[in-house]
Amino acid sequence: IWVACTGIDNIAEAITLLELNNWDLVVINFSFLHSNFSSEASQASMYGPPSQSEAADAAAGGAVPPASSSSSSSSPPSSSTSAFCPINPTSRHIVERQPRMLNFRVEYRQRSVELVLEEGSTVGEIKQILETELGVPASKMQLKGWKSGDVSDSTLLRSLHLPKNNSLYVLTPDIAATASTSKNSGLQESLNQNFMLIISHREAQRDYNLNFPGSRTIQEVKRNISDLTNIPVRHQQWEGWPASASDDSMTLAASGISHPCHSLSVCRRSAPANAQEPTEECADVHMISDSEGDDFEDASEFGVDDSEMFGMGTSSCRKSPMMPENSENEADALLHFTAEFSSRYGETHPMFFIGSLEAASQEAFYGKARDRKLLAIYLHNDDSVLSNVFCSQMMCADSIVSYLSQNFITWAWDVTKETNKARLLTMCTRHFGSAVTQTIRTYKTDQFPLLLIVMGKRTSNEVLNVIQGNTTVDELMMRLMGAMEIFTAQQQEDIKDEDEREAREMVKREQDEAYRLSLEADRKKVLKKKRKKNLTVFCAIRLSLEQALPPEPAEESGEQISKLRIRTPSGEFLERRFLGSCKLQVLFDFVASKGYPFEEFKLLTTFPRRNITQLDPGSTLLEAKLFPQETLFLEAKE
Numbered sequence: 011i012w013v014a015c016t017g018i019d020n021i022a023e024a025i026t027l028l029e030l031n032n033w034d035l036v037v038i039n040f041s042f043l044h045s046n047f048s049s050e051a052s053q054a055s056m057y058g059p060p061s062q063s064e065a066a067d068a069a070a071g072g073a074v075p076p077a078s079s080s081s082s083s084s085s086p087p088s089s090s091t092s093a094f095c096p097i098n099p100t101s102r103h104i105v106e107r108q109p110r111m112l113n114f115r116v117e118y119r120q121r122s123v124e125l126v127l128e129e130g131s132t133v134g135e136i137k138q139i140l141e142t143e144l145g146v147p148a149s150k151m152q153l154k155g156w157k158s159g160d161v162s163d164s165t166l167l168r169s170l171h172l173p174k175n176n177s178l179y180v181l182t183p184d185i186a187a188t189a190s191t192s193k194n195s196g197l198q199e200s201l202n203q204n205f206m207l208i209i210s211h212r213e214a215q216r217d218y219n220l221n222f223p224g225s226r227t228i229q230e231v232k233r234n235i236s237d238l239t240n241i242p243v244r245h246q247q248w249e250g251w252p253a254s255a256s257d258d259s260m261t262l263a264a265s266g267i268s269h270p271c272h273s274l275s276v277c278r279r280s281a282p283a284n285a286q287e288p289t290e291e292c293a294d295v296h297m298i299s300d301s302e303g304d305d306f307e308d309a310s311e312f313g314v315d316d317s318e319m320f321g322m323g324t325s326s327c328r329k330s331p332m333m334p335e336n337s338e339n340e341a342d343a344l345l346h347f348t349a350e351f352s353s354r355y356g357e358t359h360p361m362f363f364i365g366s367l368e369a370a371s372q373e374a375f376y377g378k379a380r381d382r383k384l385l386a387i388y389l390h391n392d393d394s395v396l397s398n399v400f401c402s403q404m405m406c407a408d409s410i411v412s413y414l415s416q417n418f419i420t421w422a423w424d425v426t427k428e429t430n431k432a433r434l435l436t437m438c439t440r441h442f443g444s445a446v447t448q449t450i451r452t453y454k455t456d457q458f459p460l461l462l463i464v465m466g467k468r469t470s471n472e473v474l475n476v477i478q479g480n481t482t483v484d485e486l487m488m489r490l491m492g493a494m495e496i497f498t499a500q501q502q503e504d505i506k507d508e509d510e511r512e513a514r515e516m517v518k519r520e521q522d523e524a525y526r527l528s529l530e531a532d533r534k535k536v537l538k539k540k541r542k543k544n545l546t547v548f549c550a551i552r553l554s555l556e557q558a559l560p561p562e563p564a565e566e567s568g569e570q571i572s573k574l575r576i577r578t579p580s581g582e583f584l585e586r587r588f589l590g591s592c593k594l595q596v597l598f599d600f601v602a603s604k605g606y607p608f609e610e611f612k613l614l615t616t617f618p619r620r621n622i623t624q625l626d627p628g629s630t631l632l633e634a635k636l637f638p639q640e641t642l643f644l645e646a647k648e
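Start counting at 1 in the sequence shown, then tack on 10, and there's your number in the numbering used here.
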């Protein structure tokens with residue numbers, strides 16, 4: 011159908027045409043019909059400018075009419091497209107000159123850059139563009155995220171067979187997170203950082219841990235504190251601001267405060283005797299809150315919710331801890347942890363495993379070798395000033411979240427409470443040994459949070475790395491990738507051993523099955539011979555019994571005759587006349603001669619139900635009350 015409509019049978023050319031028209035077959039078909047219908051008009055317009063009607067027709071068809079050259083009226087027209095790109099089968103060279111464009115989304119720390127390049131470009135050209143956009147030397151960049159692994163700067167994008175949309179990330183291990191190549195880039199990076207202000211309200215004897223982006227001004231911070239303390243900005247008396255913070259319009263990044271946290275204190279300045287009424291002060295606070303409320307209420311834009319924004323300085327005063335104390339069920343504790351983490355830092359975070367540490371270890375280490383993963387154990391501590399920064403900037407970074415989700419089973423625990431910490435140490439001792447437990451004990455509160463990278467081995471589990479909270483996104487990614495390299499090498503060995511073991515087991519299963527089939531065939535042969543022998547014996551017995559039976563009396567013999575009708579298990583009936591003086595043994599022999607031996611079948615009367623085979627074989631039919639006639643039936647013994 012495609013060839014019939016377009017006349018194009020080249021796959022590459024067809025894909026290019028589809029991409030140019032957003033894969034809309036209706037638009038492509040219409041453009042070809044329009045091109046064929048107006049071919050004569052197009053040929054006539056090659057030697058002169060198009061008329062107004064032709065231009066209108068071309069615009070209605072979605073194509074811009076060709077513009078004639080001022081230097082030569084006989085130049086061939088060049089066409090361009092707006093909604094679609096009609097292509098005449100006779101001019102396929104136009105399609106072949108259209109390059110395939112690739113879209114790239116490149117992430118670097120807290121920045122994201124969108125690029126569009128031809129597939130004929132090289133990896134080095136991407137780095138040159140990023141050098142201009144990010145202010146980072148191309149020689150210090152490591153461009154990661156290629157499906158085929160690391161590539162050189164001279165590699166053509168076409169040779170990588172990339173899809174149209176791609177995601178990459180830049181690592182700069184030689185450049186510290188706080189360092190910059192210029193003063194402007196350093197300031198820009200500081201504006202993107204979060205600052206934790208530990209503000210002590212001296213009069214209320216209360217501490218606030220508040221997170222602000224570096225772009226927030228000192229004046230905005232003071233107004234926010236006014237909402238919290240009911241101290242108007244003009245009545246606030248501060249201690250702890252550096253000398254460089256001389257202007258309230260300065261941003262926190264430019265004020266010279268310490269990163270990631272800075273301690274301040276505030277109180278109400280002593281009011282003069284003619285101070286304003288409290289109601290006016292409250293009105294002033296209300297006005298400030300209304301004018302600046304939007305900036306302060308949207309605390310989620312820098313990764314912290316309101317409960318954390320206005321939380322107390324100690325974890326015991328927080329409204330909602332990360333994990334409840336003395337939780338009996340580990341799965342319930344992890345559900346609470348995940349919900350609180352999402353509430354504080356947003357929905358973009360690693361997918362935490364819901365279950366016990368033992369279950370997480372089973373999921374990561376004890377499946378098929380190809381399905382195994384590393385185990386990342388995240389240990390949170392709300393008493394550490396690094397926790398908010400690590401969670402919001404490291405654990406919630408898109409590159410870290412994606413890498414953890416693809417290669418790790420991530421399990422989390424909160425060690426803020428001593429009872430929860432003791433429970434964790436007990437679990438680690440049971441699953442990883444006392445060495446890991448002792449390692450965790452050596453870390454102080456201000457060194458948390460921790461990220462333990464654990465790899466499962468044949469005999470034991472090994473902790474490959476312990477990542478502390480004072481790290482950067484680049485360093486965290488490098489250490490995760492380093493752990494993955496070690497794990498991948500071990501995994502390849504495990505896969506090889508597993509394949510060899512499965513091959514041996516399959517050979518053994520095939521041999522066992524062949525042996526079983528051979529035994530079954532031999533058993534059937536023996537059974538067949540035995541049945542044949544038994545059948546011969548059985549037939550001989552039946553024949554001898556039949557020959558030993560007395561002759562059947564005639565109906566008019568003048569003696570007492572009993573006429574018996576016997577129903578077999580197959581539904582057939584056996585009928586015979588016997589003398590009333592005949593013994594029951596004669597009846598039993600008759601039934602056995604028909605293939606129903608006395609040892610295997612019961613002979614029963616219909617009503618009342620009696621088991622004749624239990625009677626004395628020496629008694630007569632008259633004594634057994636089987637006279638003058640009776641209907642009996644055979645039933646197999648159990």
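Quick reminder that beta carbons are idealized off the backbone N, C-alpha and C, glycines included.
Bridge partners for leucine 206 per DSSP, in chain order? As written in the sequence, residue 206 is methionine, which differs from the leucine given in the question. Per DSSP, Asn221 and Cys271.
Which partner residues does threonine 641 have in the DSSP bridge list? Arg575
Can you tell which of Gln448, Gln595 and His272 has the C-alpha that lies nearest to the C-alpha of serine 210? His272
Got a sec? Which residues, its chain only, sit under 6 Å from valine 464 by beta carbon, not counting five neighbours each side? Leu385, Asn471 and Val473
Same chain only: Cβ atoms within 6 Å of tyrosine 218, ignoring 5 sequence neighbours per side: Ile209
Relative to the C-alpha of aspartate 626, which candidate in Glu508, Leu594 and Glu213 has its C-alpha closest? Leu594
Phenylalanine 617 in three-state terms, based on DSSP: coil
Under the assumption that glutamate 335 contacts lysine 427 (Cβ atoms under 8 Å), give the Cβ distance between them as a whole number of angstroms. 5 Å
Could you spell out where the beta strand (DSSP E) holding alanine 386 opens and where it closes? 384 to 390
Buried or exposed, going by whether 16 or more other CB atoms sit within 10 Å of the CB of alanine 445? exposed
What does the alpha-carbon distance come out to for the pair glutamine 570 and glutamate 640? 14 Å
Going by C-alpha distance, which of Gly590, Arg354 and Leu434 is nearest serine 567? Gly590
Which runs of the beta strand (DSSP E) at least 3 residues long sit entirely within the region 483 to 555? Give them in chain order. none
Considering Cα atoms alone, identify which of Gly145, Leu172 and Ser149 is closest to serine 158. Leu172
Taking 6 Å as the limit between beta carbons, can you name the residues of its chain near phenylalanine 400, skipping five residues before and five after? Pro459 and Gly479
Taking the alpha carbon of serine 563 as the reference point, which residue from Phe114, Glu585, His390 and Leu545 has its own alpha carbon closest? The residue you asked about is not serine; residue 563 is proline in the sequence shown. Here the closest residue by C-alpha is Glu585.
Of all the alpha helix (DSSP H) runs that stay within the bounds of the region 377 to 458, which reach a length of 4 or more residues? 408 to 417, 428 to 442 and 444 to 452
Secondary structure of valine 133, DSSP reduced to three states: helix
Can you tell me whether alanine 646 is helix, strand or coil according to DSSP? strand
Would you mind working out which of Asn417, Glu610, Phe637 and Arg489 sits nearest glutamate 648, comparing C-alpha positions? Glu610
Quick check on the DSSP output: the beta strand (DSSP E) that includes isoleucine 463 runs from which residue to which? 460 to 466
May I have the straight-line CA-CA distance separating leucine 345 from glycine 365, to the nearest angstrom? 9 Å
Consult DSSP for tyrosine 606 and reduce its assignment to one of helix, strand or coil. coil
Tell me which residue opens and which closes the beta strand (DSSP E) that isoleucine 228 is part of. Isoleucine 228 -> not in any beta strand (DSSP E); alpha helix (DSSP H) instead, spanning 228 to 239.
For the beta strand (DSSP E) containing serine 353, name the first residue and the last one. Serine 353 -> not in any beta strand (DSSP E); alpha helix (DSSP H) instead, spanning 340 to 355.
Taking all protein chains shown into account, do 16 or more other C-beta atoms lie within 10 angstroms of the C-beta of methionine 516, making it buried, or fewer, making it exposed? exposed
Determine whether the beta carbon atoms of glutamate 556 and arginine 587 lie at a separation below 8 Å. no
Rounded to whole angstroms, what's the CA-CA distance from threonine 165 to threonine 348? Just pull it up for me. 42 Å
Contiguous beta strand (DSSP E) assignments of at least 3 residues, all confined to the region 134 to 163: 152 to 154
Is DSSP giving serine 169 helix, strand or coil here? helix
Closest to glycine 130 by CA distance: which of Tyr118, Leu167 and Leu140 is it? Leu167
Proximity of serine 178 and phenylalanine 222 at Cβ, strictly below 8 Å: It is leucine, not serine, that sits at residue 178 in the sequence shown. No, they are not a contact pair.
Short check: CB of threonine 420 to CB of methionine 361, under 8 Å? yes
Ends of the alpha helix (DSSP H) at glutamate 368? 367 to 375
The region 614 to 634 touching the region 594 to 603, judged by at least three CB pairs closer than 8 Å: yes
Who are the near neighbours of lysine 431 in its chain, counting only those whose CB is closer than 6 Å to its CB and skipping five residues on each side? Val425
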